[in-house]
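In case it helps, our numbering puts the sequence shown at residues 82 to 507.
In this text, a Cβ means the ideal position worked out from N, Cα and C, and glycines have one as well.
In this text, all values refer to a predicted model and were calculated from it rather than measured experimentally.
I have placed the structure first, in the form of structure tokens, so that the comments after it can refer back to it.
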Amino acid sequence: MYREVKDGKLFFDGVDMTELSKKYGTPLYVYSENDIISRFEDLKKNFVEKYERVRVAYAAKAFFPLAMAKLVDECGMCVDVVSGGELYTAIKAGFPAEKIEFNGNNKSIKELEMAVDYEIGRIIVDSLQELASIEKICKEKGKVAKILFRVTPGVKSDSHDYIVTGKKDSKFGIPLDDEVIMPQIKAAIDSEYIDFYGIHFHVGSQLFDNGSHLQATDIILALVEKIKNNFGYDVKELNVGGGFGVTYVDEHRQPYTYFLDPIMEKIENYYTEKGVKRPNVVIEPGRSIIAEAGLTLYTIGSIKQIPGIRKYVSVDGGMTDNIRPALYEAVYTGVITNKADQPKTETVRICGKCCESGDILIRDIDIAEPEAGDTFAIFSTGAYGYTMASNYNKNTIPGVVFVKDGQDRVVVKAQTYDDMIANEIL
82 MYREVKDGKL
92 FFDGVDMTEL
102 SKKYGTPLYV
112 YSENDIISRF
122 EDLKKNFVEK
132 YERVRVAYAA
142 KAFFPLAMAK
152 LVDECGMCVD
162 VVSGGELYTA
172 IKAGFPAEKI
182 EFNGNNKSIK
192 ELEMAVDYEI
202 GRIIVDSLQE
212 LASIEKICKE
222 KGKVAKILFR
232 VTPGVKSDSH
242 DYIVTGKKDS
252 KFGIPLDDEV
262 IMPQIKAAID
272 SEYIDFYGIH
282 FHVGSQLFDN
292 GSHLQATDII
302 LALVEKIKNN
312 FGYDVKELNV
322 GGGFGVTYVD
332 EHRQPYTYFL
342 DPIMEKIENY
352 YTEKGVKRPN
362 VVIEPGRSII
372 AEAGLTLYTI
382 GSIKQIPGIR
392 KYVSVDGGMT
402 DNIRPALYEA
412 VYTGVITNKA
422 DQPKTETVRI
432 CGKCCESGDI
442 LIRDIDIAEP
452 EAGDTFAIFS
462 TGAYGYTMAS
472 NYNKNTIPGV
482 VFVKDGQDRV
492 VVKAQTYDDM
502 IANEIL
């Protein structure tokens, strides 16, 4: 944790957040580089260096401007993209092609062509039509694509329904019914334009129990055995996804080893019993790397006291820079940065400025007495804040600043009104 209070003010990675808000204006996304690096170092120590033939593919959807792409590469990690835009960002950042994997349930032909042209490391096939499309593109271009099949293992995870992805009734993945998945695998093995690498699953997000990961691992290993028995083919790679939970308010974040060690034990034991060399194992953490490394700064504006009901404290952002409370009922906490050590005497509702009753960032929080002009920080907004930002109500998208060891640098310029209407035609 790189947050601390000094002289009554909130500091983040050595930088005074109140002064930073004055320097760049608000709303403002702020990220601690040291926090991000520490998460990757944790994974290096407890996964990459602990086991042979394993990789970490950072899930770009959580947060992926050019500066983050560069940092992921500098930390020695791979990246998992889910759109042409994320792939384009990786390419523009000079990310090594072999270290890119491409997920997504409805990749366009244009996106697949981009992936094949750049010769990325893996394309993760998510639908029954996709394999044929990749094969056709590779045939036209005279190339071979490495692919994994994303399957739905049919397990239920304890999380919000919108972010549970491993159950059978899901838009993601290919069902494990033999008549559905096995012909796809056979076609991939037989194709001269496809290099069938293996199997991928992702059971959900913001998980604190490893049960669904372990159930899914057992199911995937059974599929591996079926592939071997039916086709005499040894799977080269298993991708067990991510979804490791983080602390937003008071959740108990599990260490990476809580998830990864028992998964690896199951996989290692299976292959040891078979007397066969274990394939590569890949994980895809995103939120767990970036969520707690970020916070959002706002300026408090209007304050409305409704006698006998509650006090509303409005800030100069809202659902346009953090849609998660409105979309998932996500819960956050925060503090007035310039009153960080003052008694929390007020219970208030932090609301945004959008013309929506649902634009509530924090429903109930105890804070010091708020005043217009105070700077308010909401913690753990590093994942899915900037990446899901919008121009609703014609609000501009905030800039992004990285802080490290008392220094700050802009990595995404704040959008201007001219930027916002640049593509509009009168």
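If I measure Cβ to Cβ from VAL153 and keep anything under 7 Å in the same chain, skipping five residues before and after, which residues do I get? TYR139 and VAL160
Classification of HIS283 by the beta-carbon crowding that lies within 10 angstroms, buried from 16 upward: buried
Using the Cβ count rule (16 or more neighbours within 10 Å means buried), how would you classify MET400? buried
Assign ASN187 to one of three DSSP states: helix, strand, or coil. coil
Pick from VAL232, LYS494, PHE483 and PRO406 that is closest to ASP94, judged by C-alpha positions: PHE483
Residues of its chain near ALA453, where Cβ-Cβ distance is below 8 Å and the 5 sequence neighbours each way are ignored: ILE381, GLY382, SER383 and ILE384
Excluding the five sequence neighbours on either side, which residues of its own chain have a C-beta within less than 7 Å of the C-beta of TYR339, listed in chain order? ASN291
So what's PRO343 in DSSP terms, helix, strand or just coil? Of the three classes helix, strand and coil, the one that applies to PRO343 here is helix, per DSSP.
For the beta strand (DSSP E) containing VAL394, list its first residue and its last residue. 391-396
Taking contact to mean at least 3 C-beta pairs separated by less than 8 Å, is the segment 402-422 in contact with the segment 436-451? yes
Buried or exposed: PRO213, going by 16 or more other Cβ atoms within 10 Å of its Cβ? The residue asked about is misnamed: residue 213 is Ala in this sequence, not Pro. Classification of ALA213: exposed, given that the 10 Å Cβ count is below 16.
Proximal residues to GLY202 (C-beta, below 8 Å), its chain only, five neighbours per side dropped: Taking C-beta separations shorter than 8 Å and ignoring five residues to either side along the sequence, the partners of GLY202 in its chain run CYS159, ALA178, GLU179, LYS180, ILE181, GLU182 and LYS227, following chain order.
Within the continuous beta strand (DSSP E) that includes ALA138, where are the two ends? 135-140
I think LYS90 touches ALA503, with their Cβ atoms under 8 Å apart; what is that distance to the nearest whole Å? Incorrect: roughly 37 Å between the Cβ atoms, too far for contact.
Can you tell me the Cα-Cα spacing of ASP88 and TYR112, whole angstroms? Near 22 Å, if we compare the C-alpha coordinates of TYR112 and ASP88.
Among VAL362, LYS151 and TYR274, whose alpha-carbon lies nearest the alpha-carbon of GLU221? Nearest option by C-alpha distance: TYR274.
Report the rounded CA-to-CA distance for LYS188 versus SER164, giving the unit in angstroms. Each residue's Cα considered, the two are about 7 Å apart.
For GLU100, the first and last residue of its enclosing alpha helix (DSSP H): 98-105
For the segment 235-315, list the alpha helix (DSSP H) runs that are entirely contained and at least 4 residues long, ordered along the chain. 259-271 and 292-312
Go ahead and label ALA303 buried or exposed: buried means 16 or more other beta carbons lie within 10 angstroms of its beta carbon, across all protein chains shown. exposed
Is it right to say VAL357 is buried, meaning 16 or more other beta carbons lie within 10 angstroms of its own, or is it exposed? exposed
Checking 9 Å against the spacing of the C-beta atoms, do PHE144 and GLY398 come in under that value? no
Please classify MET98: is it buried, with 16 or more other beta-carbons within 10 angstroms of its beta-carbon, or exposed? buried
Should SER240 go down as buried or exposed, given a rule of 16 or more other Cβ atoms within 10 Å for buried? Confidence at SER240 is low in this model, with a pLDDT of 41, below 50, so the placement of that residue is unreliable and no value is reported for it.
Only counting runs of 4 or more residues, tell me where the alpha helix (DSSP H) segments fall wholly within the segment 404-435, in order along the chain. 405-409
Anticipated Cβ contact below 8 Å, SER369 with ARG120, distance rounded: Yes, SER369 and ARG120 are in contact; Cβ-Cβ is about 7 Å, under 8 Å.
Can you tell me which of ASP402, ILE205 and LEU109 puts its alpha carbon nearest to the alpha carbon of TYR278? The residue with the shortest Cα to Cα distance from TYR278 is ILE205.
Within 9 Å of any Cβ in chain C, is that where the Cβ of PHE92 sits? In summary, chain C is missing from the structure at hand, where a single protein chain is found.
Per DSSP, which residues does THR380 bridge with? Please list them. Residue pairing from DSSP places THR380 in a beta bridge opposite THR456.
Just list the beta strand (DSSP E) runs in the segment 203-236, keeping only unbroken ones of 3 residues or longer that don't cross its boundaries, in chain order. 203-206 and 226-233
For the alpha helix (DSSP H) holding ILE371, just list the boundary residues, first then last. ILE371 -> alpha helix (DSSP H) spans 368-371.
Does the Cβ-Cβ distance between GLY323 and ARG334 come in under 9 Å? no
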